[in-house]
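With numbering that gives the first Met the number 0 as the guide, the letters of the sequence shown map in order to residues 0 to 50.
Here a beta-carbon is modelled for each residue, glycine too, at the ideal position from N, C-alpha and C.
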Amino acid sequence: MPESLSFVGSALIYFSPFILLSVAVAAAARATGSEKLIAGVFSGRPAAMIA
0 MPESLSFVGS ALIYFSPFIL LSVAVAAAAR ATGSEKLIAG VFSGRPAAMI A
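Structure below.
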């Protein structure tokens, strides 16, 4: 197997738990209706959110 395919495979194995966790959290937020609450926190003036 070429080295690049081996690298991609190992990277996918390494990152898959993080991807699955983020998908699960996003699905839970959407299912509970808290997605709109989270979106409301991040709306507004970007400069005020950074400071």
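Per-residue DSSP class, three states only, for residue i
i, result
"S42", "coil"
"G32", "coil"
"P16", "helix"
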